[in-house]
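Chemist: Quick one: structure below, then a few questions.
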Amino acid sequence: MRTSTSFCGELLDLVRERNPLVQCITNDVSMNIAANVLLAAGASPAMVSAEEEAAEFAGIAAAVTINIGTLWAGAVPGMKGAAREAGTAAKPWVLDPVAHYATAFRRQVVSELLELKPTIIRGNASEVRALAGDVSQGQGVDSRDSSASARGSALTLARRHRCIVAVTGDTDFVTDGTRSAVIEGGSPLMPKVTALGCALTCLTGAFAAVAPGQPFEATIAALALFSVCGEDASHRAQGPGSFQPLFLDALAAIGPQRLDAEARISLQ
Amino acid sequence: MRTSTSFCGELLDLVRERNPLVQCITNDVSMNIAANVLLAAGASPAMVSAEEEAAEFAGIAAAVTINIGTLWAGAVPGMKGAAREAGTAAKPWVLDPVAHYATAFRRQVVSELLELKPTIIRGNASEVRALAGDVSQGQGVDSRDSSASARGSALTLARRHRCIVAVTGDTDFVTDGTRSAVIEGGSPLMPKVTALGCALTCLTGAFAAVAPGQPFEATIAALALFSVCGEDASHRAQGPGSFQPLFLDALAAIGPQRLDAEARISLQ
Amino acid sequence: MRTSTSFCGELLDLVRERNPLVQCITNDVSMNIAANVLLAAGASPAMVSAEEEAAEFAGIAAAVTINIGTLWAGAVPGMKGAAREAGTAAKPWVLDPVAHYATAFRRQVVSELLELKPTIIRGNASEVRALAGDVSQGQGVDSRDSSASARGSALTLARRHRCIVAVTGDTDFVTDGTRSAVIEGGSPLMPKVTALGCALTCLTGAFAAVAPGQPFEATIAALALFSVCGEDASHRAQGPGSFQPLFLDALAAIGPQRLDAEARISLQ
Numbered sequence: 091m092r093t094s095t096s097f098c099g100e101l102l103d104l105v106r107e108r109n110p111l112v113q114c115i116t117n118d119v120s121m122n123i124a125a126n127v128l129l130a131a132g133a134s135p136a137m138v139s140a141e142e143e144a145a146e147f148a149g150i151a152a153a154v155t156i157n158i159g160t161l162w163a164g165a166v167p168g169m170k171g172a173a174r175e176a177g178t179a180a181k182p183w184v185l186d187p188v189a190h191y192a193t194a195f196r197r198q199v200v201s202e203l204l205e206l207k208p209t210i211i212r213g214n215a216s217e218v219r220a221l222a223g224d225v226s227q228g229q230g231v232d233s234r235d236s237s238a239s240a241r242g243s244a245l246t247l248a249r250r251h252r253c254i255v256a257v258t259g260d261t262d263f264v265t266d267g268t269r270s271a272v273i274e275g276g277s278p279l280m281p282k283v284t285a286l287g288c289a290l291t292c293l294t295g296a297f298a299a300v301a302p303g304q305p306f307e308a309t310i311a312a313l314a315l316f317s318v319c320g321e322d323a324s325h326r327a328q329g330p331g332s333f334q335p336l337f338l339d340a341l342a343a344i345g346p347q348r349l350d351a352e353a354r355i356s357l358q
Numbered sequence: 091m092r093t094s095t096s097f098c099g100e101l102l103d104l105v106r107e108r109n110p111l112v113q114c115i116t117n118d119v120s121m122n123i124a125a126n127v128l129l130a131a132g133a134s135p136a137m138v139s140a141e142e143e144a145a146e147f148a149g150i151a152a153a154v155t156i157n158i159g160t161l162w163a164g165a166v167p168g169m170k171g172a173a174r175e176a177g178t179a180a181k182p183w184v185l186d187p188v189a190h191y192a193t194a195f196r197r198q199v200v201s202e203l204l205e206l207k208p209t210i211i212r213g214n215a216s217e218v219r220a221l222a223g224d225v226s227q228g229q230g231v232d233s234r235d236s237s238a239s240a241r242g243s244a245l246t247l248a249r250r251h252r253c254i255v256a257v258t259g260d261t262d263f264v265t266d267g268t269r270s271a272v273i274e275g276g277s278p279l280m281p282k283v284t285a286l287g288c289a290l291t292c293l294t295g296a297f298a299a300v301a302p303g304q305p306f307e308a309t310i311a312a313l314a315l316f317s318v319c320g321e322d323a324s325h326r327a328q329g330p331g332s333f334q335p336l337f338l339d340a341l342a343a344i345g346p347q348r349l350d351a352e353a354r355i356s357l358q
Numbered sequence: 091m092r093t094s095t096s097f098c099g100e101l102l103d104l105v106r107e108r109n110p111l112v113q114c115i116t117n118d119v120s121m122n123i124a125a126n127v128l129l130a131a132g133a134s135p136a137m138v139s140a141e142e143e144a145a146e147f148a149g150i151a152a153a154v155t156i157n158i159g160t161l162w163a164g165a166v167p168g169m170k171g172a173a174r175e176a177g178t179a180a181k182p183w184v185l186d187p188v189a190h191y192a193t194a195f196r197r198q199v200v201s202e203l204l205e206l207k208p209t210i211i212r213g214n215a216s217e218v219r220a221l222a223g224d225v226s227q228g229q230g231v232d233s234r235d236s237s238a239s240a241r242g243s244a245l246t247l248a249r250r251h252r253c254i255v256a257v258t259g260d261t262d263f264v265t266d267g268t269r270s271a272v273i274e275g276g277s278p279l280m281p282k283v284t285a286l287g288c289a290l291t292c293l294t295g296a297f298a299a300v301a302p303g304q305p306f307e308a309t310i311a312a313l314a315l316f317s318v319c320g321e322d323a324s325h326r327a328q329g330p331g332s333f334q335p336l337f338l339d340a341l342a343a344i345g346p347q348r349l350d351a352e353a354r355i356s357l358q
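Residue numbers (this note's numbering), protein chains in the order written: chain A, 91 to 358; chain B, 91 to 358; chain C, 91 to 358.
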């Protein structure tokens, strides 16, 4: 077990060096901000999701991310095809089960996607609690549970699906079912900017792409980068509107040393 | 009839207190900015539109908004299902008939949606004039008629469909067919930022969600909030690009007293 | 052959005077920024793409632009219908073959669109090289070839399809197969902001709309406007996040004289 968290800076360097091609099958709200987050951090986003090409494209992508935010039936074959291809090729894929509890359709699609064995699941506390089968206050896409309250659910989920689970919120929690990490930082402005969580899912894919066999560390590094840059941007922002450009600037400007120095990660 | 407009601040407080879940079936241009406008103002947006879940989700949403900006045939069943469910559950729903005059397809879909009895219709002057059957200069999505020229059309529409009609533009006009209000403010920069009108439609849904039985007041309050914050942001903006983050900051920062003090509303 | 490039300022004036209605069939990542770029520059964007109305809408639009960034099978009939209608009505239409080399589906759709004779093709170096049948390093949507390396490919393509070809990147290159122009300017921040190239495709449509019979000059003017405003914004930006609002402000603020004075165009 690693006791230092300097792998965060190392992985950030690798993202910038290798510029991994991340296939983002994401929702229509997050498309633009997710692509900008990946570009700012140093990765190469590609929003390729159609049934006709998603699986084929997963063959050239370095990682796949799948988000059900604006789900429709026509999107499901592309999601499954890309996830299956990622599995076959042993490439990481990340699942973001946005508001999966809200409708029968979402619950069904998420259960089918879970069978395709995501490498990483990232969600807010309401999503992770509900996915583990625990009581959740979630209604829409915003969490109505504290992130600390979802840690037990995250452990359950990680063990059940043999994957990494990340709960993001006021503090973040990452676990592989055995090891875990708490990441502090960020800003109360972040949930006031739509789709930042969705963008973080895509960024997690970028880090996982450059850290084969280390999805736990990759997830921590992506979350730490978000937290440090979010906190930094919030100090200069006047509100959720000015936060967004400042946050992208911070993602592009930060170096590995500063990331390692400012990340507040407790490995457990 | 109310002679004071302090209900605007009261409703803003209610939006922040209740954080209403607003189901926004909106176009692909406006998804991100509409969600950010709702979050900044204090509501909880959910962009849920697919046939498989839109009606079910309307069952948990506090209001529904429907915008035909990037209409396609596959979107229509979800729109109708959500509108129908809102009607059954006596929840407010808002129609934004973007450029409905432009094609036969749009005209047909809007006429079908009108049969489902929207609580509120919000459009620009060209859209409202054409919807009332009056001569309109509209071609694309931008208005080519002055908002003042659409007041008679708005009254006609409101009486015909027994709903609130809001015409937004250089000045705004709201009517329930009997009472009416003129709202001044805003900025010439606002039509230079895409999809702000669409975002306002969603925001109107948020206000209607917390004002059952008062869609006239809710619409005025949403428009007044937009006008005050738009004017405020325009004083500091250097152009349409810097306007957008400043506008979101203003929406998040404004308090009820300031809204009431600065809103320029003439009730008639 | 024109030796002065003062047509750039003249065409910018015409865009603002005529406010051309540009039908943008573009990808879901670029929708918002493309519309904002067109509004800032003075045009009127309309994102109308569905099979049910795209061809009909092309009948009222002044130009059509087609971008395959987030292609799916349901989008193809609308693309073809609009392109065909533009051809019949002798209106300009612009093709942006995003990452066409990445999958069989994209290659097939692009070959079908090429048969409908685009007036202008705009792409990055990897896209233009691959489209001409030359070796390309392209994988995802970001270019991995230098723009200078694609000049021969652009000439080949322009002659083969009797159209204008624009390669954009660190320097831009425009050719009609005989004449050519190199445009310098812009900023290394621009490829770090998603979908700016897609927005430029739409802007090229706006310029072509006001310059009938002069698509070569229209393309140069659109690219010169982007380069001058991009360079201007980059001087004040702190990174890719703050670049975007500054860039939109610059597009709205620039006058024709300044465009002509600052554009760095070599006609050849």
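All residues carry an ideal CB built from backbone N, CA and C; glycine is no exception. The structure presented is a predicted model; accordingly, all values stated were derived computationally and were not measured.
Pairs of beta-carbons, one from the stretch 115-128 of chain C and one from the stretch 274-291 of chain C, closer than 8 Å: are there three or more?
Modeler: The stretch 115-128 of chain C, when compared against the stretch 274-291 of chain C, does touch it at the 8 Å Cβ threshold.
Chemist: Take A340 (chain B) and list the residues in its own chain whose beta-carbon comes closer than 7 Å to its own, dropping the five residues that flank it on each side.
Modeler: C319, D322, A323
Chemist: In chain order, what residues of the same chain have a beta carbon less than 6 Å from the beta carbon of I254 (chain A), not counting five sequence neighbours either side?
Modeler: I210, D266, P305, F306, T309
Chemist: What did DSSP end up calling E274 (chain C) once you bin it into helix, strand or coil?
Modeler: strand
Chemist: Per DSSP, what are the beta-bridge partners of A153 (chain A) in this structure?
Modeler: A:V112
Chemist: Between A299 (chain C) and P182 (chain C), which are expected to be in contact by the criterion C-beta below 8 Å, what is the C-beta distance as a whole number of angstroms?
Modeler: The beta-carbon separation of A299 (chain C) and P182 (chain C), rounded to 6 Å, stays under the 8 Å limit for a contact.
Chemist: For a contact defined as C-beta to C-beta under 9 Å, what are the partners of E146 (chain A) on chain C?
Modeler: A192, T193, A194, F195
Chemist: When we look at the beta-carbon of S356 (chain B) and count the other beta-carbons within 10 Å, is it buried (16 or more) or exposed?
Modeler: The residue in question, S356 (chain B), is exposed, as its Cβ has fewer than 16 Cβ neighbours within 10 Å.
Chemist: By how many angstroms is the C-alpha of P302 (chain A) removed from the C-alpha of N109 (chain A)?
Modeler: 15 Å
Chemist: So which of B:E352, B:A124, B:L279, B:I150 has the shortest CA-CA distance to N157 (chain B)?
Modeler: B:A124
Chemist: Below 8 Å on the Cβ atoms is my contact criterion, and I expect D260 (chain A) with S236 (chain A) to pass it. Report the Cβ-Cβ distance as a whole number of Å.
Modeler: 7 Å
Chemist: Can you name, in chain order, every residue of its own chain whose Cβ lies under 6 Å from the Cβ of Q334 (chain B), other than the five neighbours on each side?
Modeler: V283
Chemist: Smallest Cα separation from G159 (chain B): which of C:E143, C:T160, C:W162?
Modeler: C:E143
Chemist: Indicate the three-state DSSP secondary structure (helix, strand or coil) for G345 (chain C) in the structure shown.
Modeler: coil
Chemist: Look at T178 (chain B) and V112 (chain B) and say whether their C-beta atoms are less than 8 Å apart.
Modeler: no
Chemist: At the level of alpha carbons, what is the spacing between A312 (chain C) and M280 (chain A)?
Modeler: 36 Å
Chemist: Can you give me, in chain order, the residues of the stretch 218-233 of chain B that have a beta carbon less than 7 Å from any beta carbon in chain E?
Modeler: Note that chain E does not occur in the displayed structure, where the protein chains are A, B and C.
Chemist: In its own chain, which residues sit with a C-beta less than 6 Å from the C-beta of G171 (chain A), not counting the 5 before and 5 after it?
Modeler: A144, A145
Chemist: With distances taken Cα to Cα, identify the nearest neighbour of L204 (chain C) among C:T193, C:L221, C:A192, C:A215.
Modeler: C:L221
Chemist: By the 10 Å Cβ neighbour count, where 16 or more other Cβ atoms means buried, how is S94 (chain A) classified, buried or exposed?
Modeler: exposed
Chemist: Please classify M91 (chain A): is it buried, with 16 or more other beta-carbons within 10 angstroms of its beta-carbon, or exposed?
Modeler: At M91 (chain A), the pLDDT of 42 sits below 50, so the modelled position is not reliable; the number obtained from the coordinates is stated separately. So M91 (chain A) counts as exposed.
Chemist: Are C98 (chain B) and A342 (chain B) close, meaning C-beta to C-beta below 8 Å?
Modeler: no
Chemist: What does S139 (chain B) reach in chain A if we use C-beta pairs closer than 8 Å?
Modeler: Ordered by position in chain A, the residues that pass the 8 Å Cβ test against S139 (chain B) are T160, W162.
Chemist: Who are the near neighbours of R241 (chain C) in its chain, counting only those whose CB is closer than 8 Å to its CB and skipping five residues on each side?
Modeler: Result list for R241 (chain C): V257, F263, T265, S270, in chain order.
Chemist: For L129 (chain B), I'd like the list of residues in its chain whose CB is within less than 7 Å of its CB, leaving aside the five on either flank, ordered along the chain.
Modeler: Excluding residues within five positions, the ones whose Cβ falls inside 7 Å are P135.
Chemist: As an exercise, report each continuous alpha helix (DSSP H) stretch of at least 4 residues that is fully enclosed by the stretch 132-216 of chain C, in chain order.
Modeler: For the stretch 132-216 of chain C, whole alpha helix (DSSP H) runs of length 4 or above, ordered along the chain, are 144-148, 166-178, 194-204.
Chemist: Please classify H190 (chain A) as buried or exposed, where buried requires at least 16 neighbouring CB atoms within 10 angstroms.
Modeler: The residue is buried, with at least 16 neighbouring Cβ atoms inside 10 Å.
Chemist: Cα separation between T294 (chain A) and L245 (chain C)?
Modeler: 41 Å
Chemist: Do you know how far the Cα of G164 (chain C) is from the Cα of R252 (chain B)?
Modeler: 37 Å
Chemist: Can you tell me which of the three DSSP states L279 (chain C) falls into?
Modeler: coil
Chemist: Could you tell me the alpha carbon to alpha carbon distance between R106 (chain B) and N126 (chain B), rounded to whole angstroms?
Modeler: Each residue's alpha carbon lies about 14 Å from the other.
Chemist: Quickly, what does DSSP pair T265 (chain A) with across the bridge? List them, please.
Modeler: A:V255, A:S270
Chemist: Could you name the residues that DSSP lists as bridge partners for I355 (chain B)?
Modeler: I355 (chain B) pairs with B:I273.
Chemist: In angstroms, rounded to a whole number, what distance separates the CA positions of G345 (chain B) and L101 (chain B)?
Modeler: 11 Å
Chemist: Three-state secondary structure (DSSP) at S117 (chain A)?
Modeler: Looking at the sequence provided, one finds Asn at residue 117 (chain A) rather than Ser. The answer is coil: DSSP assigns N117 (chain A) none of H, G, I, E or B.
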